[in-house]
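Quick look at the structure:
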């Protein structure tokens, strides 16, 4: 209790800080509004941050593209020394998902303790073949609320979190899953589908994020530790070494796996444990014939046979695999000569390609030298690029900042975006320009921020996200900017938003115009009139890309980023949000909100009234479906 009182007192004093107050004042229109907002938030801040522990001294990096977020995430995984924990709703077996799992496996192999949690339905695209290698390497895999004929919990109850913690130093949280849908086409595997927001934190709040993960895994009723696979050992071995010899695998450009004794023990301990026991009557003859088997098979199995001696458990499929290798060993020896010939031909082709590449590089260098003589590229600015390519609707190009930050000044004039120049240490920093989607803003880092990790977990009776959201909306006095892909808030939140508008707060909501769940979008449209009848509430639908961001910023001082959607399902799902008491982060999110708003279409009461009878019926049925499918307690 004493620590709570001390924490609340220190948060109240933050508004007396000169630097905090100056930035806070800049985010509001005038001194009168500032005083009114400040008085409200001095009290409300203590209520919100009294719900759960909060920490100061955190560095927060906000990402608006999956490209940057994944690069930071992958870098953290590659440089991990001690531990990695990841919890995600969706991981897809596409190029992005496979690269992520490969990095996790490499980390586990070099001694990093890796734990991975995924949702059974959200990651339903994963198969045993996609995950068994992670288990084989020693990664602790947990599946949330597995689908079964006798479910412990309603199938609608899901783990919707997207968090990762590396070495207890770096924490990630937001709305992005592990999928190519969150990445632009500039990255291999990207699909240009979702517009989302994520963030990385460094500082004491990382441990609070880690505690959420550990508390989740303790719920034995809903998490199934996926140590083993439903695949038999023969299937596992065939998948792990699908080609008869290393020569064939190398020739076809396929991965070559390196088995060791620990790997094979892992298979036997987890997969062969419950199979029938077989005693070989001709054990001596069986051992004498080992020399005739293929080398790859002998290397895989010899440590296991030595470990179990003459009494061990094996699967019938393993025996079948052994005889298959024995039968085909002579054929593979005869094919080896032809394989060597093909390898030589392949090497010759590679040498020819290398020579061609070197010639092309020399030609490009000559062209660049000629260009550098004719034109000074160091004075190339954003306006030049926009004017030069004004006729191309979907043109994308990288713009390089000049050494005197002229490019940065142009960007600020064009988009009104706040960037701390101390973060632009590299004069070659790049901004992605999209003529169709305006400027895709770079990540921004804010230092020394107050962060609170909020969670929703009905098993622990934790509802900090919902309670903090309600307090924050009720505390708003100037503006409330909310971004959510699925807008179907519970009644208390509806009432709070309408009351805020009635007392003069500028309430703006951006939701999905194009949705990955179309029937949910129609359900949202059914309740639009409830808000639009109040002049202070304005609703916008994003049309250029599929919205997936879940952010909130209020009065230029309080903001949240996370996985929590403003819908009925997120009320019961496992969710995680980061809340910030920081005028700088509020400014970053407000500018992104304004940028998204340019690509939106505002929905008015007139638009709702002009809908056809059929559209109204569809929206009504979708709304009723959302009530029927509402997760039970």
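In the numbering used here, the protein residues as written are 734 to 1366.
Cβ atoms here follow ideal geometry from the backbone N, Cα and C, with glycine treated the same way.
Cut-off 7 angstroms between Cβ atoms - residues of its own chain near residue i, not counting five sequence neighbours on either side
i	result
residue 909	799, 802, 895, 915, 929, 931
residue 905	806, 896, 897, 931, 933
residue 1255	1351, 1352, 1355
residue 1298	1217, 1218, 1219, 1283
residue 1120	Here residue 1120 scores only 40 on pLDDT, less than 50, and its place in the model should not be relied on; the value that follows carries that caveat. Same-chain partners within the cutoff: there are none.
residue 1195	1188, 1189
residue 830	824, 911, 912
residue 937	788, 790, 791
Assigned exposure category for residue i - 16 Cβ within 10 Å defines buried
i	result
residue 1348	exposed
residue 762	exposed
residue 1262	exposed
residue 1281	buried
residue 891	buried
residue 1251	exposed
residue 1219	buried
residue 880	exposed
residue 901	exposed
residue 757	buried
residue 857	exposed
residue 1016	Because the pLDDT of residue 1016 is 40, which lies under 50, any placement of that residue in the model is unreliable, and the number read from its coordinates should be weighed accordingly. The residue in question, residue 1016, is exposed, as its Cβ has fewer than 16 Cβ neighbours within 10 Å.
residue 888	exposed
residue 884	exposed
residue 1185	buried
residue 1236	exposed
residue 1310	buried
residue 1303	buried
residue 1337	exposed
residue 1343	exposed
residue 941	buried
Bridge-paired residues (DSSP) for residue i
i	result
residue 847	817
residue 824	911
residue 1327	According to DSSP, residue 1327 bridges with nothing at all.
residue 1187	1310
residue 1195	1190
residue 1335	1273
residue 788	1184
residue 1356	Paired residues: none, contrary to the question.
residue 775	BP columns for residue 775 are empty, so no partner.
Beta-carbon proximity of residue i to residue j, cut-off 8 angstroms
i	j	result
residue 1249	residue 770	no
residue 1314	residue 1290	yes
residue 1356	residue 1226	no
residue 1192	residue 952	yes
residue 873	residue 851	no
residue 911	residue 833	yes
residue 1334	residue 1276	yes
residue 1233	residue 1206	yes
residue 1293	residue 1319	no
residue 1325	residue 1179	no
residue 1200	residue 784	yes
residue 781	residue 1204	yes
residue 859	residue 810	no
residue 1208	residue 777	yes
residue 935	residue 812	no
residue 1278	residue 797	no
residue 870	residue 843	no
residue 1307	residue 949	yes
residue 1301	residue 1274	no
Other residues of its chain near residue i: CB distance less than 6 angstroms, five sequence neighbours each side excluded
i	result
residue 1242	1215, 1272
residue 925	917, 918
residue 846	816
residue 818	848, 898, 946
residue 1239	1212
residue 767	758, 761
residue 1264	1270
Proximal residues to residue i (C-beta, below 8 angstroms), its chain only, five neighbours per side dropped
i	result
residue 1021	For residue 1021, the pLDDT reaches just 38, beneath the cut-off of 50, and the residue's location in the model is therefore unreliable, although a value from the coordinates is still provided. The answer is none, since no qualifying residue turns up.
residue 751	none
residue 828	913, 921, 922
residue 765	none
Contact test: residue i Cβ vs the ligand SAM heavy atom, cutoff 7 angstroms
i	result
residue 873	Ligands in the displayed structure: none, and consequently the ligand SAM is not present.
Practice task
Entirely within the segment 914-952 and at least 4 residues each: give me those alpha helix (DSSP H) ranges in chain order.
Solution key: 938-950
Exercise for the section: Please list the segments of the beta strand (DSSP E) lying wholly inside the segment 1215-1303, counting only runs of 3 or more residues, in order along the chain. Expected result: Entirely contained in the segment 1215-1303, the beta strand (DSSP E) runs reaching 3 residues are, in chain order, 1239-1245, 1270-1275, 1284-1287, 1291-1295.
Exercise for the section: Run through the segment 832-903 for me and flag every whole alpha helix (DSSP H) of 4 or more residues, listed as ranges in chain order. Expected result: Whole alpha helix (DSSP H) segments, 4+ residues: 861-870.
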